[in-house]
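Asks:
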Ligand code: UDP
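Residue numbers (the working numbering): 62 to 430.
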């Protein structure tokens with residue numbers, strides 16, 4: 062295939078979903094490229110040399126409240142129940158995280174049994190801040206000083222190399238606080254993991270005669286004049302050659318370690334707020350449910366070098382991003398280039414959220430077809 066209708070830059074969740082929709086529903090010829098050697102973006106999973114399936118770029122706990130989205134993805138995968146349980150280690154004790162009744166009872170040596178008791182107790186701890194403007198204020202206004210210091214401050218300093226005061230409220234605001242004993246990491250209605258992994262799901266999605274995938278391929282190697290429409294899912298500042306300044310991104314380094322035991326941890330993820338350079342240890346086998354006699358633990362070290370992972374939510378970055386956003390709007394109008402996804406919109410989206418974004422963009426692009 063040489064004569065394409067659309068170029069899609071990036072074969073992560075956004076690129077794969079748009080490629081699939083454009084190819085199957087709109088019968089477009091799609092050129093899908095990625096500079097990495099695989100599809101699935103940061104959802105990529107593969108067998109480690111030990112044979113254990115790992116999430117190479119950090120754990121992805123798929124969840125959604127959107128039944129239609131789940132049904133759509135079910136065309137490409139079967140699912141297994143998502144077992145997303147996280148504990149936080151603090152002063153040598155393990156606590157359920159997000160904070161819930163069990164966390165409160167253990168931390169404060171209480172014996173609450175009812176939700177309203179926990180609610181009023183947490184309210185008595187919380188600091189009265191009406192409109193929190195940063196992550197510190199947000200957490201203090203929800204759970205007060207002691208829990209903030211135990212579970213949020215140290216972890217956030219490591220994760221971002223910034224004080225929670227310097228981060229927008231939405232960063233720590235992603236984490237719920239519960240009054241019941243629900244120990245699941247997230248609240249969503251549907252919490253499932255692709256049975257054979259994310260890579261298999263995205264490979265199935267883009268396996269279509271109208272989609273030509275080229276891996277190890279850089280955008281700049283291509284002649285843009287050959288495409289009527291371009292969908293760009295890479296970093297927005299890179300697209301514009303950093304002319305409005307560099308956006309800051311936080312990255313991660315992973316140290317994967319095989320252990321010749323069936324399991325090492327009690328649950329998939331342990332967060333460390335007061336020890337180690339790494340933020341968390343992840344044993345993804347608890348989620349993938351792979352049956353094997355060995356296991357792999359991954360230790361995550363946040364860093365400012367490496368691939369862009371997390372947009373850093375603060376005023377300066379927001380200011381720079383707004384400039385890129387208006388350049389992007391111009392680019393869409395003048396040259397039919399569309400920007401979508403975590404990197405292109407500089408926004409901390411979860412996997413289900415970026416897929417929703419991709420489906421919405423598909424509707425927008427094709428509404429006049
Ligand atoms: N966070 C924290 N303590 C924890 C877990 C998370 O303070 O034990 C904060 C931290 O700033 C983190 C943010 O909450 O970046 C969002 O956490 P989440 O687990 O959603 O991060 P992700 O899995 O996307 O890295």
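Idealized CB from N, CA, C, for every residue including glycine.
It should be emphasised that the depicted structure is a prediction, and the values quoted were computed from it without experimental measurement.
Please confirm if the segment 392 to 406 is in contact with the segment 328 to 341, defined as three or more CB-CB distances below 8 Å between the two stretches.
Replies: Counting Cβ pairs under 8 Å, fewer than three are found: no touch.
Asks: Is residue 158 a contact residue of the ligand UDP, with contact defined as CB to any heavy atom under 7 Å?
Replies: Start at 1 with the first residue of the chain shown, and residue 158 comes out as number 97. It does: the Cβ of residue 158 is within 7 Å (strictly closer) of some heavy atom of the ligand UDP.
Asks: With DSSP as the reference, label residue 219 as helix, strand or coil.
Replies: Indexing the chain shown from 1 puts residue 219 at position 158. Three-state DSSP puts residue 219 in a helix.
Asks: Measuring CA to CA, which of 212, 139, 287 is closest to residue 92?
Replies: Taking the first residue of the chain shown as position 1, residue 92 is located at position 31. Nearest C-alpha to residue 92: 287.
Asks: Could you check the C-alpha separation between residue 261 and residue 138 for me, to the nearest Å?
Replies: Position 200 of the chain shown, counted from the start, is the residue given in the question as residue 261. Position 77 of the chain shown, counted from the start, is the residue given in the question as residue 138. So the alpha carbons of these two residues sit roughly 8 Å apart.
Asks: Suppose you measure from the CA of residue 150 to the CA of residue 159; what does that come to, to the nearest Å?
Replies: By one-based count along the chain shown, residue 150 stands at place 89. By one-based count along the chain shown, residue 159 stands at place 98. Going from the Cα of residue 150 to the Cα of residue 159 covers about 12 Å.
Asks: Just to confirm the assignment, what range does the beta strand (DSSP E) spanning residue 292 have?
Replies: For the purposes of this step, residue 292 is identified with residue 231 of the chain shown, where counting begins at 1. Segment 290 to 293, the beta strand (DSSP E) holding residue 292.
Asks: When the Cβ atoms of the segment 72 to 81 are set against those of the segment 304 to 321, are three or more pairs found closer than 8 Å?
Replies: Judged by Cβ distances under 8 Å, the segment 72 to 81 makes no contact with the segment 304 to 321, as fewer than three pairs qualify.
Asks: Quickly, what does DSSP pair residue 104 with across the bridge? List them, please.
Replies: Along the chain shown, one-based indexing puts residue 104 at 43. None, per the DSSP bridge assignment.
Asks: Return yes when the C-beta of residue 216 is under 7 Å from any heavy atom of the ligand UDP, and no when it is not.
Replies: Taking the chain shown and counting its residues from 1, the one referred to as residue 216 is at position 155. Yes, the beta carbon of residue 216 sits closer than 7 Å to at least one heavy atom of the ligand UDP.
Asks: Which same chain residues end up closer than 6 Å to residue 349 when comparing Cβ atoms and leaving out the 5 residues on each side of it in sequence?
Replies: Sequence index remark: in the chain shown, residue 349 carries index 288 (1-based). Taken in chain order, the residues that qualify are 114.
Asks: Can you tell which of 120, 323, 135 has its C-alpha closest to the C-alpha of residue 353?
Replies: Here residue 353 refers to the residue found at position 292 of the chain shown. Ranking the options by Cα distance to residue 353, first place goes to 323.
Asks: From which residue to which residue does the beta strand (DSSP E) around residue 400 run?
Replies: The residue you call residue 400 lines up with position 339 of the chain shown. Per DSSP, residue 400 belongs to the beta strand (DSSP E) from 398 to 400.
Asks: Report the residue from 336, 291, 376 whose alpha carbon sits nearest the alpha carbon of residue 405.
Replies: Within the chain shown, residue 405 is the residue found at index 344, counting from 1. The candidate whose alpha carbon is nearest that of residue 405 is 291.
Asks: Any heavy atom of the ligand UDP within a distance shorter than 7 Å of the CB on residue 204?
Replies: As a working note, residue 204 is residue 143 in the chain shown. For the ligand UDP, not one heavy atom lies less than 7 Å from the Cβ of residue 204.
Asks: Considering Cα atoms alone, identify which of 357, 185, 238, 194 is closest to residue 55.
Replies: The chain is shown from 62 up to 430; residue 55 falls before or after that span and cannot be answered.
Asks: Output needed for residue 163: all residues of its chain with C-beta closer than 6 Å, excluding positions within five of it in sequence on either side, in chain order.
Replies: Numbered from its first residue, the chain shown carries residue 163 at position 102. Same-chain partners within the cutoff: 157, 242.
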